[in-house]
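First comes the structure, then the notes that go with it.
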DNA sequence: ATAACATATGAACAGTTGTTCATATGTTAG
DNA sequence: CTAACATATGAACAACTGTTCATATGTTAT
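Chains as they are written, first to last, in this note's numbering: chain A, 898 to 1015; chain B, 898 to 1015.
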């Protein structure tokens, strides 16, 4: 049976470097989680929600109004953001207010914006 | 005809805040580009490629060998990374070496990892 | 020229994702 | 209790994505 993966017969890099790279790679699980995290940032609706929350905590229907989207769509996306621990929420009567969970969001979006604007 | 979007009859937030948020939102185009950028980070194969390139520039087939993936799959992903200006390449004979384009990658992945590891 | 190697790319397919619609849950006021 | 409002959620569907496979392009050596 043939190998599933084809690549060059010999590594071009020094074996020493290859070993070094392998050792320095984060755990497979962390890499997966990291990709999952960035998937969350990879949607402009969610990015817009995060930018809204930069200014102030806000309830679902106000976010929907601000972004001209349905309550359902926003609610679905807030759930994704919450599962990624990027936002948190508090209830006040009928209303649920969402707010940013921590400051990584600002740094990550800031760096991303820098890159995009270059 | 009904409105496509349903939300609360009145904004709960002060109109003043709503205006402020609207003014502070980046351009629609930048938000879109930003989401596109993070989509690129949102795949564990591409994340792994970037981590490999943290250590050293490397040719396609060595990356494929290191990650136990096909040459084709890696080449497709390198193209995505290149289009996002996250990596660049140089040719040396038959071999094409890829390397990180700038340091935003390190900061973004670093912050993401911090968030994930919390 | 041809052969061998490294990389790139187009088509196809399965798997994933974001929105809508309908409806359920939770809360408050009467 | 019921009505009204705010939010959450499951199903469905179209749109998008990552890999494989086959093949094309580019480079070097002979």
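Ideal Cβ positions, reconstructed from N, Cα and C, are used throughout, including at glycine.
### Query
What number of angstroms, rounded off, separates the C-alpha of residue 985 of chain A from the C-alpha of residue 1015 of chain B?
15 Å
### Task
Give the secondary structure of residue 1004 of chain A by DSSP, where H, G and I count as helix, E and B as strand, and everything else as coil.
In this structure, residue 1004 of chain A counts as helix in the three-state DSSP scheme.
### Query
If you measure beta-carbon to beta-carbon, which residues of the stretch 911 to 924 of chain A are closer than 9 Å to chain B?
Along the stretch 911 to 924 of chain A, the positions whose C-beta sits under 9 Å from a C-beta of chain B are 914, 915, 917, 918, 919, 921, 922, 923, read in chain order.
### Status (buried if at least 16 other CB within 10 Å, exposed otherwise) for residue 974 of chain A
Per the 10 Å Cβ criterion, buried.
#### Entry: Contacting residues, own chain, Cβ-Cβ under 7 Å from residue 918 of chain A (five flanking each side not counted)
Correct list: empty, nothing qualifies.
### Message
Please report whether the beta-carbon of residue 898 of chain A lies at a distance below 8 Å from any beta-carbon of chain B.
### Response
Low confidence applies to residue 898 of chain A: its pLDDT is 33, below 50, so where it sits in the model is not reliable, and the reading given next is rough at best. Cβ-Cβ to chain B under 8 Å: no for residue 898 of chain A.
### Message
Against residue 945 of chain B, what residues of chain A qualify as contacts under a CB-to-CB distance less than 8 Å, listed in chain order?
### Response
922, 928
### Opposing strand residues paired with residue 925 of chain B [DSSP bridges]
DSSP lists no partner for residue 925 of chain B.
### Query
Buried or exposed: which applies to residue 1002 of chain B, given that a residue is buried once 16 or more other Cβ atoms fall within 10 Å of its Cβ?
buried
### Message
Is there a Cβ of chain A sitting closer than 8 Å to that of residue 995 of chain B, yes or no?
### Response
no
### Query
Would residue 949 of chain B count as contacting chain A if we go by Cβ distances under 8 Å?
yes
### Query
Going by alpha carbons, who is nearest to residue 913 of chain B out of A/968, A/990, A/953?
A/953
### Message
Let me check one thing: in DSSP terms, what residues is residue 988 of chain B bridge-paired to?
### Response
B/993
### Message
For residue 972 of chain A and residue 911 of chain A, what's the separation of their Cα atoms in angstroms?
### Response
Counting only the Cα atoms, residue 911 of chain A lies some 51 Å from residue 972 of chain A.
### Query
Checking contacts by CB at 8 Å: is residue 979 of chain A closer than that to chain B?
Not an interface residue.
### Task
Would you please verify whether the beta carbon of residue 1012 of chain A is less than 8 Å from any beta carbon of chain B?
yes
### Query
Out of B/981, B/909, B/964, which has the shortest C-alpha to C-alpha gap to residue 928 of chain A?
With respect to the C-alpha of residue 928 of chain A, the residue from B/981, B/909, B/964 having the closest C-alpha is B/964.
### Query
Smallest Cα separation from residue 962 of chain A: which of B/935, B/1010, B/916?
When C-alpha distances from residue 962 of chain A are compared across B/935, B/1010, B/916, the shortest belongs to B/916.
### Query
Cα separation between residue 993 of chain B and residue 958 of chain B?
9 Å
### Message
Quick check on DSSP: helix, strand or coil for residue 955 of chain B?
### Response
strand
### Query
What residue ranges within the stretch 939 to 983 of chain A form continuous beta strand (DSSP E) runs of no fewer than 3 residues, ordered along the chain?
none
### Query
Under 8 Å Cβ-Cβ, which residues of chain B neighbour residue 1004 of chain A?
Against chain B, a Cβ distance below 8 Å from residue 1004 of chain A picks out 1004, 1008.
### Three-way DSSP call (helix, strand, coil) for residue 914 of chain A in this model
helix
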